[in-house]
Each structure stands twice: as C-alpha cells, then as structure tokens.
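Below is one structure, written out as structure tokens, with a few remarks after it.
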Amino acid sequence: GFLGGHSGIDIAEKRLNCIKVLRRLLCSVASPSVLIGDVDGGTGPNAIPREASAVIVTSTERWPDVEKALTACFEEMLRECPLEIAATLELVEDPTASLAEGPLTVESAGKLLSLVEEAPHGVIEFEEGTDGELKTSCNLGVVRSTERNGESCAMVHVFPRSTSMEAMRSLGKDFTKLGDKYNAVNESNLCPFPGWEPDRNSELLKVVSNACPVTSDPRIYTVHAGLECGTLMSRLLSVKECVSIGPTVKGAHSPDERLEIASCGPFIQWVCEVTERFLSCDEHAGYFSGGSTPHDAHDIERICRSTYIDHATRKAIMQLLAFAVSPSSASWRNILAGLELLDHLLEKGSMELWRECARGEHFDASQRLLFLSTYTNPDDPRVTKLIRTKARMMREKVMAKNEQVESLRVSAPERTTREHASSSADLTERSSSSSENEEPSKDTEAEGSARASAASKNPSTADNSAFLPKAIAKLGIISGFAVVGHNPDTSDSEDEHAATSSLDARRTLCATTGG
Numbered sequence: 001g002f003l004g005g006h007s008g009i010d011i012a013e014k015r016l017n018c019i020k021v022l023r024r025l026l027c028s029v030a031s032p033s034v035l036i037g038d039v040d041g042g043t044g045p046n047a048i049p050r051e052a053s054a055v056i057v058t059s060t061e062r063w064p065d066v067e068k069a070l071t072a073c074f075e076e077m078l079r080e081c082p083l084e085i086a087a088t089l090e091l092v093e094d095p096t097a098s099l100a101e102g103p104l105t106v107e108s109a110g111k112l113l114s115l116v117e118e119a120p121h122g123v124i125e126f127e128e129g130t131d132g133e134l135k136t137s138c139n140l141g142v143v144r145s146t147e148r149n150g151e152s153c154a155m156v157h158v159f160p161r162s163t164s165m166e167a168m169r170s171l172g173k174d175f176t177k178l179g180d181k182y183n184a185v186n187e188s189n190l191c192p193f194p195g196w197e198p199d200r201n202s203e204l205l206k207v208v209s210n211a212c213p214v215t216s217d218p219r220i221y222t223v224h225a226g227l228e229c230g231t232l233m234s235r236l237l238s239v240k241e242c243v244s245i246g247p248t249v250k251g252a253h254s255p256d257e258r259l260e261i262a263s264c265g266p267f268i269q270w271v272c273e274v275t276e277r278f279l280s281c282d283e284h285a286g287y288f289s290g291g292s293t294p295h296d297a298h299d300i301e302r303i304c305r306s307t308y309i310d311h312a313t314r315k316a317i318m319q320l321l322a323f324a325v326s327p328s329s330a331s332w333r334n335i336l337a338g339l340e341l342l343d344h345l346l347e348k349g350s351m352e353l354w355r356e357c358a359r360g361e362h363f364d365a366s367q368r369l370l371f372l373s374t375y376t377n378p379d380d381p382r383v384t385k386l387i388r389t390k391a392r393m394m395r396e397k398v399m400a401k402n403e404q405v406e407s408l409r410v411s412a413p414e415r416t417t418r419e420h421a422s423s424s425a426d427l428t429e430r431s432s433s434s435s436e437n438e439e440p441s442k443d444t445e446a447e448g449s450a451r452a453s454a455a456s457k458n459p460s461t462a463d464n465s466a467f468l469p470k471a472i473a474k475l476g477i478i479s480g481f482a483v484v485g486h487n488p489d490t491s492d493s494e495d496e497h498a499a500t501s502s503l504d505a506r507r508t509l510c511a512t513t514g515g
C-alpha cells in the first residue's frame, strides 16, 4: 500500500492520496466501452488513504489494452512521487464476475470522478508568523459505493482541520457549493472536534513550559491534530486557556503506530510538576480569602520556596500580596497576614523577586506600606497601632532590600533577565550543587527553580527539593511531546537522542480540529 498516515500531522508531506490515485487511473481508461462499477477507498476520514479499489467493466478483448494503460499511468505517478516508490498496483481479471448492480452510467461516473478531483486534499493555509506551522487543511479520507434510501449512491468523505472556526465555516460553504455542482448533498457534521486559537502569551503556557523536566527552553508549536481541549473550551466558557502535552507517538493512524516508552516517565513527571505548582498556587490563593491567614510556619515557608520557581509563580504571589496589604482591604487580618508574609519574603524569598520589583514588574511595596503607616481601624485603636508600626518597619526593610538589589546591579555586569536561559545540562549541574548545600551567588538567582540551593536564610535543601526539577541528572532529552501522544515524526533516530539540545523537548500549544 501507499504510505498513508495521520491526516493532520502528515498532511504537509509529499504523500500520495490513494483515492486521488484511483481517480487518475480510472480517468485514464474511462470510455463508453470501459465502465466503472463499485469503488472503495480509505478506512477512515482522519487517515490519509493507503489503499483503494474499483471494479472496471469491459470486454475480454479490450482488457489487455486497459491493463497496459493502467500500468503506464501508475508508473508515471510513481515517477512523479518517488516517496511512494514502494506502492504497488494489483490488476485482477475475472471473466466470470458479475455485478449485483449494473455499472455506473458514463454521466454518473464522470460526476463522481470530477467530484473526487475537486475535493480538497492537503494544506490550505499556514499559520502566519510561524515556521511552516499548519493552520487549515483538508483530507479526502473515504470514497465508497453505498446505498441510501434504497438507491445506489457514492459517499465521499472529506475531513477539514483548522485552528480557526472561521476557516472551518468557509470550508463548509465550499463543500456545499461543490455538492450542488455535482448533485451531491453535504450532510455531515463539519466540526466534530473543535480546535482552539494558539496564544503564545498564555500564562498557562508559561507555567507548563517552566515545569518541563528535560529542558529549560522547550519548543512551543501547534500540532495539526484534534483532541479534547477544543471541545472543553467550546463547551466550558470559563476555560480560557489550554495546553496539551503527551508522550511521543509515531506513525499515528497507521499500521506503524507506536509509543516511545522511554518518553512516558518524563511525561508523567512533567504532569506531576505542573499539578504541584497549581496546588501551590491554590494554597496561596486561600491564604487571603475570607480573612484567613497562614496557619503555621510551614505554610509561609512553602510560599517563600515558591518564589524560586518562575516568574509566573512570583507574579501570582505578589498579586495576592498586593491585595492583602491594600489599605482598603475588608479585613485587618488580611493586612496583618500580608505584612507577616512580606517579612518572610524579604528574608527568604528569591532575590529575583526583588529584582523584578526594582524593575517595576510588581506592585510598589514601599508606596503601599507608606499608605499603611497611616492606616486607621475605627473599631480598635490597638489594631491601628499594630498595623502602623508593622508597616513602618516593613517599609524600612523593603527600602534596604532595594538598596541591596541596586548595589548588586552596580557591582556586577547586567545579567539577562530571561528566565529560561540555562540549558538542561546547566540545570543538572546547579541541582547537583544544591544537594551539597553550597551557597548560591546572589547574581545567579534569576534561573528559577535551579536557584533553590540552600543559603543560611533560605529553606533547607531537603525542603527545596520538591520545587526543583526531579532527578534531572538521570534524564535524557526526550525527542518530543505532542497532543494525545501525537508527535510529528519528522526527526531521524539520531536527532531524537541528541541528549543536550534544548530544542529536542517539544510541547503542544494548541490542537486543530480532528482526531
């Protein structure tokens, strides 16, 4: 058979569609003396057809000429597409065969072949601003002689995909026009698996990307395949962002489909890491809701350790802190809880957090504390005095921290603030050094979770280990992660195991329609 393949991931490759091949073969011999009977091609709408067949009705005398013409046409197509050189053509002569139904009329056969010819197959549109990522495509997946309402007919199944619903609706109109042209009806569900638009500025994307256990800079890309994310977003309006990851699967929707077992472990680790970070964020959110406060030192320590994870986590913590220490807060307990947390963040939080504050990436803590130094509680003067005193003390500490950050900036060359500049090998080295309780230099704390080495005022190495990439030194770079395990099989085996390339770990940003 032909190569076939996944109708989304493999659609851009130069593979022949066996149904299109069959149409061209039939056109090469169709005539009033060579009629077409049943046709059958493709196994499913979401797979590129690998096999197709048709019954040809002609006289015994004409058969040798028909066989010669078909063979010549097939060989010509293989020359045009060397990728399919292994494909074969099987011609079987059966003088005793009979049809349950008569062959198609010349007019009907002409309409069917023209419909198959004009049915779209292949890439229709690429994503703008990307390096060849697919946006819209269509697969001619099935053609079959069948019966509908007691009458013989032919069914042609096309399968569109797109990240844009507008593009899908446009394709639907084109299908209807094509059907009207050849007296066919467009009656199937246009979009069984909705896609979702890629959003490379998604906060969720940043969290998942930062949690990748095998590289600090995973390649972000769309995948031309469908899965549940699009359906969830279309039905649950509260879901605004989706990201998909999965173990490596090759040869999807073909007899060669297989799972790379070695990719399953890191994938599970990735999911666990992302889950842990969301649980951590949920805990933070609960601290300042309903007037509650951190219950014990462990809660506060956990928040402080979380500042070593990534920018997105630090941003979430500072947003909640800004809410807590607002002079207009509904509860004075919120203010006290926020001041207590601020005190610990100054002592044990990531230095990168305070660098970001100095760059204006979070709220102005010094100004907020100045407002709190004149706070008044109308019900209890003791609370007023407590908050004012605490606010003044915290403002002095914040100003001292700002001076410390400024002195570090002046005394050392300006570092790049890109969070994920370190390679996976660098993460391995730093994680290993942290286990030896070495003091991290203050100007290297910008690299997130790799920064949680033990300093005298920082959490212990044992406590920090939960926030570091797990067992990095034991992991190799995995060739890819993709939607529902579908990884575009475009790299050779040597590339897949190039253990230090930070671009080898891949992750799916969005899926298109279809399975």
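Residue numbers (my numbering): 1 to 515. The beta-carbon is built from N, C-alpha and C at its ideal position, and this holds for glycine as well. Quick caveat: nothing in here was measured; it's all calculated off a predicted structure.
CA-to-CA distance, residue j to residue i, given in whole angstroms
i	j	result
residue 3	residue 236	38 Å
residue 141	residue 42	6 Å
residue 112	residue 183	10 Å
residue 240	residue 225	19 Å
residue 5	residue 17	10 Å
residue 554	residue 177	No answer is possible for residue 554: the residues shown for the chain start at 1 and end at 515.
residue 216	residue 203	16 Å
residue 251	residue 119	25 Å
residue 322	residue 365	8 Å
residue 44	residue 200	33 Å
residue 269	residue 67	58 Å
residue 303	residue 50	55 Å
residue 14	residue 307	48 Å
residue 84	residue 77	9 Å
residue 25	residue 52	11 Å
residue 55	residue 122	27 Å
residue 358	residue 277	25 Å
residue 349	residue 405	13 Å
residue 106	residue 33	10 Å
residue 232	residue 245	16 Å
residue 372	residue 378	14 Å
residue 57	residue 222	47 Å
residue 345	residue 132	45 Å
residue 227	residue 262	23 Å
residue 274	residue 310	12 Å
residue 129	residue 12	18 Å
Expected contact under 8 Å - CB spacing of residue i and residue j to nearest Å
i	j	result
residue 103	residue 35	4 Å
residue 86	residue 254	14 Å between Cβ atoms; not a contact.
residue 395	residue 369	4 Å
Residues of its chain near residue i, where Cβ-Cβ distance is below 8 Å and the 5 sequence neighbours each way are ignored
i	result
residue 23	113, 116 and 117
residue 205	199, 220, 241, 243 and 509
Neighbourhood of residue i by C-beta distance below 6 Å, restricted to the same chain and skipping five residues each side
i	result
residue 264	247
residue 267	247
residue 89	74
residue 175	186
residue 256	none
residue 157	45, 141 and 142
residue 342	394
Beta-carbon contacts of residue i that lie in its chain and below 7 Å, excluding the five residues immediately before and after
i	result
residue 28	69, 70 and 73
residue 179	185 and 186
residue 363	318 and 322
residue 474	In this prediction, residue 474 has a pLDDT of 28, which is less than 50 and means its spatial position is unreliable; what the coordinates show is noted afterwards. Excluding sequence neighbours, residue 474 sits near nothing in its chain.
residue 376	384
Three or more C-beta pairs below 8 Å linking the stretch 199-210 and the stretch 145-163: no
Do the stretch 127-140 and the stretch 152-170 make contact, defined as three or more Cβ pairs closer than 8 Å? yes
Would you be able to state if there are at least three C-beta pairs under 8 Å between the stretch 312-319 and the stretch 370-389? no
Measuring CB atoms only, is the stretch 71-84 touching the stretch 163-178, in the sense that at least three cross pairs come out at less than 8 Å? no
Which parts of the stretch 119-197 are runs of the beta strand (DSSP E), unbroken and 3 residues or longer, counting only runs that do not cross its ends? 122-126, 134-148 and 151-162
Sequence ranges, alpha helix (DSSP H) only - wholly within the stretch 45-80, length at least 4: 63-80
Quick one: which unbroken alpha helix (DSSP H) runs of 4-plus residues sit fully inside the stretch 340-382? Chain order, please. 351-358 and 365-372
Please go through the stretch 194-280 and give each complete beta strand (DSSP E) segment of 3 or more residues, from N-terminal end onward. 219-223
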